[in-house]
Structure formats: C-alpha cells, structure tokens
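Student: There's a structure below that I have some questions on.
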Amino acid sequence: MAIPAARDVTTVNLKFLETLVCVAELNNLHQVAERLHTTQPTISSRIKALEQELGVTLIERGPRGVALTAKGMEAVAFARDLVARSNSMRARISDPATLGGIVRIGVIGTIIHTWLPSLIERLRGDYRKVIFEIESNTSVRMVEQLVSGQLDVGLLMGPVDSPGVGNVDLGAFDMAWVAKPGQFRLPPEIDVTDLADLPILSYPRGSKPYWMIEQYFRDSDVRRPLLNCSNSLASIIRLAIGGIGIAAIPPITIREELAAGQLEILPVRHVIPPLGFHASYRTGRGSELAEAIAMYAREEAMLFADTHAPMGVSRPQ
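Its first residue numbered 1, the sequence shown is counted upward by one per residue in the UniProt record's numbering.
Rendered as structure tokens:
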C-alpha cells in the first residue's frame, strides 16, 4: 500500500502575522503601511504570501477599505497571540543595554506626582541607548494616541479595551475630598448633601474621575453639582489651596500640602471609590520595549505601594 505524500509544512513569517493584525485594527492598507513604516504594495504582498501559505483568503477588498473574511478573523486570533508571545520573550530575555530607539510615554498627573521620577531614573539607567519622550496628558487623549499609534506607552486610568493594546495593572490610590482648612462652613461629620452646594474642582469632562464624581452624587440621590474642570492635577491642587473649591483627589498626591496645613481631608461619610491605573502599551512586532517599560512601571508601582500603603496606595493585582 502506498503511503500518501506528506503535505509541505511552511513556516509562517512573524512579520506577515503582524501585518494581518494591523489590517484587522485599521481596515485600511494605506494606514497599515504608515504604521509599519513600509509601502502599500509591500503590505499587499505580505497578505498575499500569508494567504498562499495558509491556502485561504484572509481579506476582502471593498470601496470602504478591506475587511477580514471568516478565516481571516480566525487567523487574527492566533496571530495576536503569537506576536504578543514573541514580544514578551524579547522583552524579558533581551539585554536592555543593547536596545535603542525612541519611546514615547504618556503620563497622567497623578503618577507624575508620585512614582514617575523613580521609574524614569531606573529606565535611563538600564536602557542607556533609548531616548524617552515623556508627555503629560489626560487618559482620554492617551487612549486616542495609543490606538492611532502616536504613543508607545500610556501610564493612565485604564484599562484600554482596544485591539493592539496591552494592559498591565498598576494598582490603585484611595480618593478623598480635600479643601483649604476653614474655607467652607461644614458640619463635623459631612454628608454628600453638604457638598452639593459647594464649588467642586474636577478632572476633565469625559474622564474616569469626572464620571466617578457624577456617579458618586447620583448614588446618594443628590442633585448633580456644578463641576469646574481642569485637565491638570497641579492646577486642581493649586485652586484648592487658593480656596476656590473642594476637590476629590488621592491624598498621596498632596502629602506635602497636607503636612504644611495648606489642605485638609474632609471627613465625608460616603467614601469615593479608589482610582485604578494601568500601563497600556502598543502590541505588535517591535513593541517588546514598550511591554518591558510597562513591566518596569508595574514593579515601580509595587515598590511605591509597599512604602505608602498607610496613605491608601494599593499594590497591583
């Protein structure tokens, strides 16, 4: 009896898989080419080669761009996992001293006011050939930048639920109402209703803290107060010190102001939920450094929590 010939086994090119993942995210070959720093014909060639290797059609072209076929969607699930594993291996095993390039890191004010300086010091010591571009921004803006590929890592209030973006938990900070001592006439034990008529300083409209404050009053059946928004934690702190209003912020970010008597924590009965943070980073080929930075951020968050737990700092899960 003749033995059937074995089917040729081809090795799938990891770069082709990364290209397929980008196509799934953007649905536009021109944008995929821009993200991967190559040409549109090269992108088309990679997809065609991958289709030939797998023996199936992965994408369909239409007037509005490209779309995955059923087999394409099935393949993308495997491709994302393989690309992520490859990046993880490189991030954990590669010698940091050999890596170079530019990494764009976005950071919210809350982390800038706590453990960011220690993180940057460690990164610069281990990755001496890497240029770190640090930008202060809101979480909402950083999500947009991550999804569009304008940012490599975002230290923000997450997680970011989007294809091509990974998330690492960074723990949480307790929140509290704070104000300039003696600025507002309040009872010894403060209820949520006592806050409703006061000017409230808040994070930007559409941000997670803004939503939390709105929900906080809604849960207590208290009419929504007027929120005065600022996209800078430093501005909120400065305005609170000036007696402009009360603010809901993590006490860990105002350690010096509390110690100096410039601000005080208001004893409000109803507690505000903690504020959670994540290191969100671009996945895909070439993103091993971004993942490594996210893990460094996690380690720094853990060290900070171990030394500041009494001030309401929780360790990453």
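We put the beta carbon where it would ideally sit given N, CA and C, even for glycine. On a predicted model such as this, the values are computed, not experimentally measured, just so you know.
1. Excluding the five sequence neighbours on either side, which residues of its own chain have a C-beta within less than 6 Å of the C-beta of Pro204, listed in chain order?
2. Which residue comes first and which comes last in the beta strand (DSSP E) that contains Asp169?
3. Per DSSP, what kind of secondary structure is Leu26 in: helix, strand or coil?
4. If you drop the 5 nearest sequence neighbours on each side, which residues of the same chain put their C-beta closer than 8 Å to that of Leu14?
5. With a Cβ-Cβ cutoff of 8 Å, do Met175 and Pro273 count as a contact?
6. How is the alpha helix (DSSP H) around Trp115 delimited, first residue to last?
7. List the whole-angstrom C-beta distance separating Val313 from Trp177, where the pair is believed to meet the contact cut-off of C-beta under 8 Å.
8. Let me confirm a value: Trp115 is counted as buried when at least 16 other C-beta atoms fall within 10 Å, else exposed. Which label applies?
9. Would you identify the three-state DSSP class for Leu58, choosing helix, strand or coil?
10. Just to confirm before moving on: does the CB-CB distance between Gly276 and Met142 stay below 8 Å?
11. Roughly how many angstroms lie between the CA atoms of Ser118 and Val271, to the nearest whole one?
12. Evaluate His278 with the Cβ neighbour count: other Cβ atoms within 10 Å of its Cβ, from every protein chain shown; 16 or more gives buried, anything less gives exposed.
13. Give me the Cα-Cα distance between Ala79 and Val168, rounded to the nearest whole angstrom.
14. Measure the CB-CB distance between Gly149 and Arg282 and report whether it falls below 8 Å.
15. What are the boundary residues of the beta strand (DSSP E) that includes Phe277?
16. Check whether the segment 301 to 313 touches the segment 251 to 261, counting contact only when three or more Cβ pairs, one atom from each stretch, lie closer than 8 Å.
17. Can the beta-carbon of Ile249 be found closer than 8 Å to that of Pro199?
18. Considering only residues of the same chain and omitting the five flanking positions on each side of Thr39, which have a CB-CB separation below 6 Å?
19. Among the residues of its own chain, which have a CB less than 8 Å from the CB of Ile112, if the five just before and after it don't count?
20. Using the beta-carbon count (16 or more within 10 Å), is Ala294 buried or exposed?
21. Do you know how far the Cα of Ala179 is from the Cα of Arg218?
22. Over what stretch of residues does the beta strand (DSSP E) that includes Glu144 continue unbroken?
Tutor: A quick look at the data gives this:
1. Excluding the 5 residues flanking it on each side, Pro204 has same chain C-beta neighbours closer than 6 Å at Thr138, Cys229, Asn231, in chain order.
2. 165 to 173
3. helix
4. Excluding sequence neighbours, Leu14 sits near Leu82, Val83, Ser86, Arg285.
5. Closer than 8 Å, so yes.
6. Segment: none, Trp115 is in no alpha helix (DSSP H) and carries neither H nor E.
7. Not quite, the Cβ-Cβ distance comes to about 18 Å (not below 8 Å), so this is no contact.
8. buried
9. coil
10. no
11. 30 Å
12. Buried, by the Cβ-count rule.
13. Between the alpha carbons of Ala79 and Val168 lies a distance of about 20 Å.
14. yes
15. 275 to 282
16. yes
17. no
18. Excluding positions up to five away in sequence, the list reads Ala33.
19. Ser136, Leu233
20. Buried: at least 16 other Cβ atoms inside 10 Å.
21. Approximately 22 Å between the Cα atoms of the pair.
22. Counted as a single uninterrupted DSSP element, the stretch harbouring Glu144 is not any beta strand (DSSP E) but the alpha helix (DSSP H) occupying residues 139 to 148.
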